[in-house]
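So the sequence lines, in the order shown, correspond to chains Y and P.
Here the first sequence is numbered in the working numbering, starting from 1 and rising by one per residue.
Here the second sequence is numbered in the working numbering, starting from 114 and rising by one per residue.
Beneath this line is the structure, given in structure tokens, with notes to follow.
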Amino acid sequence: DVKVTQSSRYLVKRTGEKVFLECVQDMDHENMFWYRQDPGLGLRLIYFSYDVKMKEKGDIPEGYSVSREKKERFSLILESASTNQTSMYLCASSLGQGNEKLFFGSGTQLSVL
Amino acid sequence: EDQVTQSPEALRLQEGESSSLNCSYTVSGLRGLFWYRQDPGKGPEFLFTLYSAGEEKEKERLKATLTKKESFLHITAPKPEDSATYLCAVRWGSGTYKYIFGTGTRLKVLA
């Protein structure tokens, strides 16, 4: 089975801190995604990557950046955390090449105080 | 505007009481409709992909169907372990890796 591992299950940070969320997948998937999930709003795409060092903005990229230096690892960076970035962050990957079902990690619940 | 709407928001069923969840979409050039199950505190888990109107997929007590405007997730004789949030997502257009997710239906099956 595909495994998508997110480095932290819970994180508490202060306003203005730089925050790194890490995601690793073990099945050589081409595509990786970062979503945030908020009650009543569903999953919203922040950034995605379709290849190493390649990235594209999703629907809500403001305040975030990403890094994909290796195929298996996709990092989400909050440059200066704000309280409105308190959310559940979900990483996902897909094989690509026509197989587009998403495999999700367990999520990181981030609280910014 | 491209969007995905799920209904109802929440559903309570008695064990064995069959029902259906709805996912309606307004996108052009559908390239796949996906159903996921999400348990509390976990990431969504893939259930089905449907690509064209008339297509059906089944897994245990779940059956997903697709028309040109909506999809249904039918749950037959549900058990308490089927309690979860069910998410629908659509992928559309060409040359894009974007999906639109619905906000989900929270299902509670009572013993």
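Glycine included, each C-beta is placed from N, C-alpha and C at the ideal position.
From a predicted model like this one, the values you see are computed outputs, not experimental measurements.
Item	Value
Under 8 Å, Cβ to Cβ, is there at least one residue of chain B near Phe74/Y?	Although the question refers to chain B, the structure presented lacks it and instead comprises the protein chains Y and P.
So, does the region 191-208 of chain P touch the region 156-174 of chain P, judging by three or more C-beta pairs under 8 Å?	yes
Compare the Cα-Cα distances from Arg9/Y to each of Val112/Y, Ser106/Y, Leu113/Y and report the closest residue.	Ser106/Y
Tell me the rounded alpha-carbon separation between Leu114/Y and Ile46/Y.	The question about residue 114/Y has no answer, for chain Y in this structure spans 1 to 113.
Chain Y partners of Gly215/P, CB-CB under 8 Å?	Gly42
When burial is assigned at 16 or more other CB atoms within 10 Å of the CB, is Pro157/P buried or exposed?	buried
Using the three-state DSSP reduction, which class does Thr83/Y fall into: helix, strand or coil?	helix
Indicate whether the contact test is met: 3 or more Cβ pairs, each with one atom in the region 125-145 of chain P and one in the region 84-98 of chain Y, closer than 8 Å.	no
Within the region 4-63 of chain Y, note down every full beta strand (DSSP E) run reaching 3 residues or more, in order along the chain.	4-6, 10-13, 19-25, 31-38, 42-51, 54-57
Using a Cβ-Cβ distance under 8 Å, would Arg204/P count as near chain Y?	yes
Which residues in chain Y have a C-beta closer than 7 Å to the C-beta of Thr162/P? List them in chain order.	Lys101
For my contact list, Phe33/Y and Phe20/Y are in at a C-beta cut-off of 8 Å; report their separation, rounded to the angstrom.	Their Cβ separation, rounded to whole angstroms, is 17 Å, which puts Phe33/Y and Phe20/Y out of contact at 8 Å.
On a CA-only basis, which of Glu114/P, Pro121/P, Phe214/P is nearest Leu220/P? Give me that one, please.	Pro121/P
I'd like to know if Gly156/P contacts chain Y, where contact means its C-beta is closer than 8 Å to some C-beta of that chain.	yes
Among the residues of its own chain, which have a CB less than 8 Å from the CB of Lys53/Y, if the five just before and after it don't count?	Arg68, Glu69
For chain P, is any of its Cβ atoms less than 8 Å away from the one on Ser87/Y?	no
Anything in chain Y within Cβ reach of Lys172/P, meaning under 7 Å, just list it in chain order.	Within chain Y, no residue comes near Lys172/P; the closest Cβ sits about 13 Å away, beyond 7 Å.
Applying a beta-carbon distance threshold of less than 9 Å, which residues of chain Y neighbour Phe159/P?	Lys101, Leu102, Phe103, Phe104
Taking the C-alpha atoms as reference points, what is the distance between Cys91/Y and Leu223/P?	32 Å
Alpha carbon to alpha carbon, what distance is there between Tyr212/P and Lys155/P?	19 Å
Taking 8 Å as the threshold (beta carbon to beta carbon), is Gly58/Y in contact with chain P?	yes
In the DSSP assignment, what residue or residues form a beta bridge with Lys172/P?	Leu175/P
What residues of chain P sit near Gly107/Y, judged by a beta carbon separation below 8 Å?	Gly154, Lys155, Gly156
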